[in-house]
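Right, one structure below, let's go through it.
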Amino acid sequence: MEETNIISCRHKYLKQLKQYVNAEMEASQSFRWPLERFSTILETVLDHIHPEHMNHFINDLYTDGRYKWNLLLIAAKDGYCNITERLIKELNVNIEVEGVVEYENYIIRGASPLWCAAASGHFNIVKLLVSYGANVNHYTETHSTPLRAACFNGRLDIVKYLIEHGADQEIANVYDNTCLMISSYKGCLEVIDYLCKTGCDINRSDYEAVTALHAAAGENHLHIVQCLIKNGAIISKNSKGLTPLLEAALNLNVSVVDYFTDDTSNLFSQLECIEAFELLATSYTDYYVDNSNTEKLYEYLLKAMQLRYSDPNKPILKAVLPPSETYENHIECNTLEELKLIQHNADSLFMEAFVVRERILGPKHETLIPNLLYRGAAYADQKRFDRCFSLWLRALDVKKSNDELKIDDFERFAGIFDKMCHEDVDDFPFSVYVVVLRNIIQELISMKCKSKSFNLLTVLYLIVIIAKVMLLKTTNEQIEICNLIYYLNSFNFKTNNGSTLLHLCVNENTSVDTINF
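Heads up, the sequence shown is in full-length UniProt numbering, so the first residue is 1 and it goes up one at a time.
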């Protein structure tokens, strides 16, 4: 009986001890205590609690919402070097324990103490863990190694140390993205230079055929582009058909474009340079640029055209696309004189940019979409709704062909339809409405088992809108709408909680006004 009581008391004691330690861990992460406070608490626990008792739960992971950690993971992540060493030396701690932590707003699953220390830049803890035998190539769920974490952070000291102690820089993550690629993307020149000197595969590509040179060019890291070229990087196309030059042009990285197209570089042909300047011009219509300024757009179109006619006897002519109603049947300029005629016509310059981009990248390229959406929104603000819908329908077509339709694509149209109703616009775009409704029905059909809640609310919103203008439509138009709604109902689509469109209609809690359009 006495022995049973002893065991019971011991069990209760260990349970309370574990609860206390877990509570302190949670508090330190939730309230971001000063290092000294949590360190003092842990030092006190380690000083006064027998290792035998701590060993009962030292390797258990404490779950806090999305996160999973224990004392060693927190010590490595938050920089408690002395605590880390004491845990390893005094307790039977698992140095390869895997937790779930947050880093740079990313949830990292399968993170080891060494990964946490490298990602957080705690060089002293990295050295400590490696000295005690931590696996330098222990990767996370997405195959991110401690070396990759250090490269992401630009910590050359940690990168050098890990490689000198056996870290394999060619271990790629689940997207086939290597340490060199992430360093190029982040702009870590010293790390790039070191990786090149230690024999990395400089021309390796990821699952989308993107190389380190693509990454550097796309992020406007000119010095890294130059370093990679100096170390033997070759020019290639990614899965979207883009060279590093075109990647730079699409992202308005003028300094990189200038470097690639310099007369002395000989990295690209004259035609490739011309198309890069043309693509650079079209990027001045993107959503993140002040579109009221068309000077740069014209400047680079002019520069490209001048290059086409640099040899008047052998001009490099364009393969001009046939006119399209989407772009007001605009025919691309083929001479300097034609281009100069539209220099001060913003609409014509924008249409020129659209047809140029389609010619270079193709009619279904995803990079067409931001320009089309932004310019369409600008037309809507000017109450030029016909031009808005023309461009947005083109964007819808591109996204549909790439199987990238999202609920936002339909909400966008619904918002403008609603705006037109509230502003009593005379000519409601019936044909556009029908196209949008047909597309969203098709999308609901193709979604199968996926969540349909938000799409059904958008459909209901569209039906409410058309109900406001139905009486103004012709008999044939009314019949077409009724047939479409009947066809929609025949599928008996339901929300996540089992509500059909009819349920939503009679439910007093349903309000299309709760949707942000």
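Where a beta carbon is used, it is the ideal one built from N, C-alpha and C, also for glycine.
Just so we're clear, the structure is a prediction, and the values are computed from it rather than from any experiment.
I'd like the span of the alpha helix (DSSP H) that includes residue 375, first residue to last. Along the sequence shown, one-based indexing puts residue 375 at 375. Per DSSP, residue 375 belongs to the alpha helix (DSSP H) from 368-381.
Output needed for residue 318: all residues of its chain with C-beta closer than 8 Å, excluding positions within five of it in sequence on either side, in chain order. Taking the sequence shown and counting its residues from 1, the one referred to as residue 318 is at position 318. Result list for residue 318: 308, 332, 334 and 359, in chain order.
Assuming residue 95 and residue 101 make a contact with CB atoms under 8 Å, what is their CB distance in whole Å? By one-based count along the sequence shown, residue 95 stands at place 95. By one-based count along the sequence shown, residue 101 stands at place 101. Contact flag wrong, Cβ pair sits at about 16 Å.
Give, in chain order, every unbroken run of the beta strand (DSSP E) that is at least 3 residues long and sits entirely within the segment 43-68. 62-64
Which parts of the segment 174-242 are runs of the alpha helix (DSSP H), unbroken and 4 residues or longer, counting only runs that do not cross its ends? 179-186, 189-197, 212-218 and 222-230
Host beta strand (DSSP E) of residue 101 (start-end): In the sequence shown, the residue the question calls residue 101 occupies position 101. Residue 101 -> beta strand (DSSP E) spans 99-103.
Measure from the alpha carbon of residue 80 to the alpha carbon of each residue in 43, 306, 504 and 511, then state which is nearest. Indexing the sequence shown from 1 puts residue 80 at position 80. Cα-wise, what sits closest to residue 80 is 43.
Would residue 395 and residue 373 qualify as a contact pair, given that the criterion is a beta-carbon distance under 8 Å? The residue labelled residue 395 in the question sits at position 395 within the sequence shown. The residue labelled residue 373 in the question sits at position 373 within the sequence shown. In this structure, residue 373 lies closer than 8 Å to residue 395 by Cβ.
For residue 107, write down the residues that DSSP places opposite it in a beta bridge. As a first step, residue 107 must be located in the sequence shown, where it is residue number 107. 102, per the DSSP bridge assignment.
With the cut-off set at 8 Å, would you say residue 405 and residue 438 are in Cβ contact? Residue mapping note: residue 405 aligns to position 405 of the sequence shown, counting from 1. Residue mapping note: residue 438 aligns to position 438 of the sequence shown, counting from 1. Not in contact: residue 405 and residue 438 (Cβ atoms no closer than 8 Å).
For residue 253 and residue 260, the rounded distance between their alpha carbons: Numbered from its first residue, the sequence shown carries residue 260 at position 260. Numbered from its first residue, the sequence shown carries residue 253 at position 253. Their Cα atoms are separated by approximately 11 Å.
Helix, strand or coil for residue 251? Go by DSSP, reduced to three states. If you number the sequence shown from 1, residue 251 lands on position 251. Coil.
According to DSSP, simplified to helix, strand and coil, what is residue 330? Locating residue 330 in the sequence shown gives position 330, counting from the first residue. The answer is coil: DSSP assigns residue 330 none of H, G, I, E or B.
Do residue 385 and residue 351 have their C-beta atoms within less than 8 Å of each other? Position 385 of the sequence shown, counting from 1, holds the residue named residue 385. Position 351 of the sequence shown, counting from 1, holds the residue named residue 351. No; because the gap between Cβ atoms is not below 8 Å, this pair is not in contact.
Nearest-angstrom Cα distance between residue 104 and residue 91? For the purposes of this step, residue 104 is taken as the residue at position 104 of the sequence shown. For the purposes of this step, residue 91 is taken as the residue at position 91 of the sequence shown. Their Cα atoms are separated by approximately 31 Å.
So which of 337, 323 and 494 has the shortest CA-CA distance to residue 305? Residue numbering aside, residue 305 sits at position 305 when the sequence shown is read from its first letter. Ranking the options by Cα distance to residue 305, first place goes to 337.
Leaving aside the five residues before and after residue 488 along the sequence, list all residues of the same chain whose C-beta is less than 6 Å from its C-beta, in chain order. On the sequence shown, residue 488 is found 488 positions in, with the first residue counted as 1. Within the same chain, and ignoring the five residues on either side of residue 488 in sequence, the residues whose Cβ sits closer than 6 Å to its Cβ are 441.
Residue 80 by DSSP, collapsed to three states: which one? Position 80 of the sequence shown holds residue 80. Coil at residue 80, not helix or strand.
Roughly how many angstroms separate the alpha carbons of residue 303 and residue 67, rounded to a whole number? Within the sequence shown, the letter at position 303 stands for residue 303. Within the sequence shown, the letter at position 67 stands for residue 67. Each residue's Cα considered, the two are about 54 Å apart.
When DSSP labels each residue in this structure, what does residue 502 get in the three-state scheme? For the purposes of this step, residue 502 is identified with residue 502 of the sequence shown, where counting begins at 1. For residue 502, the three-state secondary structure derived from DSSP is helix.
Sort 429, 124, 208 and 57 by Cα distance to residue 83 and report the nearest one. On the sequence shown, position 83 is the one that residue 83 refers to. Residue 83 has its Cα closest to that of 124, out of 429, 124, 208 and 57.
Report all residues from its chain with a CB closer than 6 Å to the CB of residue 341; omit the five preceding and five following residues, and keep chain order. In the sequence shown, residue 341 corresponds to position 341, counting from 1. Counting only Cβ-Cβ distances below 6 Å, and skipping sequence neighbours, we find nothing.
Rounded to whole angstroms, what is the Cα-Cα separation between residue 198 and residue 191? The residue labelled residue 198 in the question sits at position 198 within the sequence shown. The residue labelled residue 191 in the question sits at position 191 within the sequence shown. So the two alpha carbons sit approximately 11 Å from each other.
Indicate whether residue 137 and residue 157 have their beta-carbon atoms separated by less than 8 Å. Here residue 137 is taken as the residue at index 137 of the sequence shown, counted from 1. Here residue 157 is taken as the residue at index 157 of the sequence shown, counted from 1. Against a cut-off of 8 Å, the Cβ pair of residue 157 and residue 137 comes out as no contact.
Where does residue 89 land, buried or exposed, given buried means 16+ other C-beta within 10 angstroms? Here the question's residue 89 lines up with position 89 in the sequence shown. By the neighbour-count rule (16 or more Cβ atoms within 10 Å), residue 89 is not buried but exposed.
Rounded to a whole number of angstroms, what is the C-alpha to C-alpha distance between residue 449 and residue 377? The count along the sequence shown starts at 1 and reaches residue 449 at position 449. The count along the sequence shown starts at 1 and reaches residue 377 at position 377. Note that residue 449 has pLDDT 44, beneath the 50 cutoff, so the model's placement of it is unreliable and the number below is only indicative. Using only the alpha carbons, I get a separation of about 33 Å.
Can you tell me which of 458, 229, 98 and 51 puts its alpha carbon nearest to the alpha carbon of residue 74? Taking the first residue of the sequence shown as position 1, residue 74 is located at position 74. Ranking 458, 229, 98 and 51 by Cα distance to residue 74 puts 98 first.
Would you grab the beta carbon distance between residue 93 and residue 59 for me? Rounded to a whole angstrom, and I think it's under 8 Å. For the purposes of this step, residue 93 is taken as residue 93 along the sequence shown, with counting starting at 1. For the purposes of this step, residue 59 is taken as residue 59 along the sequence shown, with counting starting at 1. So it is a contact: roughly 7 Å between Cβ atoms.
Helix or strand or just coil, what does DSSP make of residue 134? If you number the sequence shown from 1, residue 134 lands on position 134. Residue state, collapsed to three classes: coil.
List the whole-angstrom C-beta distance separating residue 357 from residue 279, where the pair is believed to meet the contact cut-off of C-beta under 8 Å. Taking the sequence shown and counting its residues from 1, the one referred to as residue 357 is at position 357. Taking the sequence shown and counting its residues from 1, the one referred to as residue 279 is at position 279. Right, their Cβ atoms sit about 7 Å apart.
Please confirm whether residue 447 has its beta-carbon closer than 8 Å to some beta-carbon of chain C. Protein chains in the displayed structure number just one, and chain C is not present.
For a test of the three-state rule: what should DSSP assign to residue 363, helix, strand or coil? Here residue 363 refers to the residue found at position 363 of the sequence shown. Reduced to three states, the DSSP call for residue 363 is coil.
Chain-order list of residues whose beta-carbon lies under 7 Å from that of residue 177 (same chain, five-residue window excluded): If you number the sequence shown from 1, residue 177 lands on position 177. Excluding residues within five positions, the ones whose Cβ falls inside 7 Å are 206.
Count the other C-beta atoms from every protein chain shown that fall within 10 angstroms of the C-beta of residue 595, then say buried if there are 16 or more, exposed otherwise. Past the edges of the chain, shown from 1 to 517, lies residue 595, and the structure says nothing about it.
Exposure of residue 3, with buried meaning 16 or more beta-carbon neighbours within 10 Å: In the sequence shown, residue 3 corresponds to position 3, counting from 1. In this predicted model, residue 3 has a pLDDT of only 49, less than 50, meaning its place in the structure is not dependable enough to derive any value.
Cβ shell of residue 569 (< 6 Å), same chain only, five flanking positions each side left out: No answer is possible for residue 569: it lies beyond the span of the chain, which begins at 1 and ends at 517.
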